[in-house]
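Since the structure comes first, as structure tokens, the remarks are kept for the end.
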Amino acid sequence: MEQKGLKNLRLGLPLIIFLVGLGIFTYIKLSVHRYSFDEYIDQRLRSAANATDMVVPDFLIDSAFIKDDVDILMYDSIQRLTNKIAEDNRVIYVYVLVMRGDSCYFVISSFIEEDISNDIVTRYMDVYDEATEKMKESFGSPEEEIFDVTIDVWGHFRSIYLPRKTQKGTEYLIGADIRSSEIVRQQWRYLLEMLLSGVFIFIIVLPLILRIRRIVIICRSDKLIE
């Protein structure tokens, strides 16, 4: 009985090896893809934030910090630029924040169409009540960039913060957001592609494995007859 079980195990060994190998291959491919995709997402965030830093002038940030009024036409033109930056870099939002006391305030932020219909377009000096501790700790940080996960009335995001300081010494953050759902959706899509590829390979290889198994059985039968 034991010999028969061992014999069946040996006959099924090629299939077991193939399935284990396929599983390892899929895991490695998913890990590599996730790392590459995360880098791609971070680069989009980084590019959007740096571009925003180039179009938002220091005087606007300094004015926000001291609660000074700004020219509306000038502000609207800069906000349109932030919208263009967000669109070009395929991120949802780019923005600039200052911090006074324990509260964060928007200097400027891009917006999307649904923000208008939902009446949640960010205005000059709006307080950001959902600011995370990591965001607050990023002001004046020696790190060049900080990544965070944020959940607020605008959605669930992966975010980047670039700590900066104006010539007058006002500390501020340049931020950019990408929806977390985009990252999750891409990962699930790639996983599905890998699973379908694995099934396709399995269907192709299975007849070969069965044929090898049959040949092994015939050879063993011939030896027993001899």
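Per our numbering, residue 85 is the first one in the sequence shown, and the count goes up by one each step. Ideal Cβ placement from N, Cα and C applies to all residues, glycine included. For clarity, every value in this text was computed on a predicted model and none was experimentally measured.
*Rounded C-beta distance between residue 254 and residue 243? I'm assuming under 8 Å.*
Between residue 243 and residue 254 the Cβ distance is about 21 Å, and since that is not below 8 Å, they are no contact.
*Measure the C-alpha to C-alpha separation of residue 166 and residue 159 and round it to an integer number of angstroms.*
The C-alpha of residue 166 lies about 11 Å from the C-alpha of residue 159.
*For residue 205, which residues of its own chain have a beta-carbon under 8 Å away from its beta-carbon, when the five flanking residues on both sides are left out?*
If you ignore the 5 residues before and after residue 205, its C-beta comes within less than 8 Å of the C-beta of 195 and 199, all in its own chain and listed in chain order.
_Alpha-carbon to alpha-carbon, residue 212 and residue 188_ = Roughly 5 Å between the two C-alpha positions.
*Starting from residue 218 and walking both ways along the alpha helix (DSSP H), at which residues does that stretch end?*
For residue 218, the enclosing alpha helix (DSSP H) begins and ends at 217-222.
*For residue 123, name the three-state secondary structure that DSSP assigns.*
Here residue 123 sits in helix by DSSP.
*Which same chain residues, not among the five before or five after residue 237, have their C-beta less than 8 Å away from its C-beta?*
Excluding residues within five positions, the ones whose Cβ falls inside 8 Å are 204 and 214.
*Please find out if some non-hydrogen atom of the ligand MG comes closer than 7 Å to the beta-carbon of residue 269.*
Of the ligands one can find in the structure shown there are none, so the ligand MG has no counterpart to examine.
*Which value, in whole angstroms, describes the spacing of the CA atoms of residue 132 and residue 151?*
The straight-line gap from Cα to Cα measures roughly 26 Å.
*How would you write the range of the beta strand (DSSP E) that residue 234 sits in, first residue to last?*
Under the DSSP assignment, residue 234 falls in the beta strand (DSSP E) whose first and last residues are 230-236.
*Just the Cα atoms here: how many angstroms apart are residue 86 and residue 279?*
Low confidence applies here, because residue 86 scores a pLDDT of 45, under 50, leaving its location unreliable and the question unanswered by this model.
*What is the DSSP secondary structure of residue 160, reduced to helix, strand or coil?*
Judged by DSSP in its simplified three-state form, residue 160 adopts helix.
*Would you mind giving the Cβ-Cβ distance between residue 173 and residue 128, rounded to the nearest angstrom? I have them listed as a contact below 8 Å.*
Confirmed, about 5 Å.
*Kindly indicate the opening and closing residues of the beta strand (DSSP E) around residue 244.*
Element bounds for residue 244: 239-249.
*Please go through the same chain and pick out, in chain order, the residues whose beta-carbon is closer than 6 Å to the beta-carbon of residue 249, but skip the five residues on each side of it.*
These residues qualify, in order along the chain: 255.
*Run the CB neighbour count on residue 88, radius 10 Å, all protein chains shown included, and call it buried at 16 or more, exposed below.*
Residue placement at residue 88 cannot be trusted, given a pLDDT of 48 that sits under 50; what the coordinates show is reported in the next sentence. So residue 88 counts as exposed.
*Using 10 angstroms around the beta-carbon of residue 222, count the other beta-carbons present and answer buried if the total reaches 16, otherwise exposed.*
When all chains shown are included, residue 222 counts as buried.
*How should residue 125 be labelled, buried or exposed, when 16 other C-beta atoms within 10 angstroms of its C-beta is the threshold for buried?*
Result: buried.
*With distances taken Cα to Cα, identify the nearest neighbour of residue 257 among 145, 121 and 123.*
The shortest C-alpha separation from residue 257 is found at 145.
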